[in-house]
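Written below as structure tokens is the structure these notes are about.
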Amino acid sequence: TTVAQIARRAGLTERSFYRWYTDKREALFGGGRELEELLVAAVAEIPEGTAPLDTLLRAFSKAPEVFRPREFLRARAAVIAASPPLRERELIKTASMSAALKKALEDRGHPPAAARLATDAAMAIVRVAGERWAADESAAYETLLRDAEKELRAIVHA
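If you want the numbering used here, it's the 1-based position in the sequence shown plus 2.
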């Protein structure tokens with residue numbers, strides 16, 4: 003698929019497409035920076051003294067505000083899964099978000115190791131909840147987030 007074809011299907015000119023995205027692959031990843039900024043800002047709003055994992059999960063509960071339709075996310079996941087370069091880009095974007103969230107926790111006074119562990123655990127919880135949310139039309143994201151959190155905590159305490 004060419005940029006011209008993508009732009010035409012979206013009702014844009016090729017020039018307009020490039021105003022929004024640097025390349026056609028970036029169309030799949032647009033909004034990542036905004037989501038990262040939303041989450042970092044949400045972390046800053048959580049009351050001081052909240053445990054690092056709880057802080058991140060509260061921040062992630064705000065994520066549905068920027069989620070795209072489930073159909074788009076399912077199609078996006080299939081396209082990314084079929085392409086090693088896109089999987090690599092997804093990992094890079096996820097690593098950037100993880101680094102920003104870890105720093106946000108450290109800025110709140112959490113030790114680096116605690117911030118890293120909480121961030122990695124939260125990202126695993128979010129990945130599971132997001133996969134379930136995309137697959138289940140009736141599921142509420144926040145419920146799935148809490149369910150995945152409970153599963154992880156049960157594994158850790160087993």
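Cβ coordinates follow ideal geometry from the N, Cα and C atoms, glycine included.
So, for residue i: in the same chain, excluding its five sequence neighbours on each side, which residues have a beta-carbon less than 6 Å away from its beta-carbon?
i	result
residue 106	42 and 45
residue 125	100
residue 112	54
residue 72	136
Considering residue i, what are the terminal residues of the alpha helix (DSSP H) in which it resides?
i	result
residue 105	86–109
residue 52	Premise fails: residue 52 is in no alpha helix (DSSP H) and is neither H nor E.
residue 152	143–159
residue 73	72–83
residue 114	114–137
Quick one, are the C-beta atoms of residue i and residue j less than 8 Å apart?
i	j	result
residue 127	residue 92	no
residue 142	residue 76	no
residue 146	residue 63	no
residue 123	residue 154	yes
residue 34	residue 95	yes
residue 102	residue 38	yes
Give every residue of the same chain whose Cβ lies closer than 7 Å to the Cβ of residue i, excluding the five residues on either side of it in the sequence, and list them in chain order.
i	result
residue 104	117, 118 and 121
residue 114	108
residue 48	57, 60 and 61
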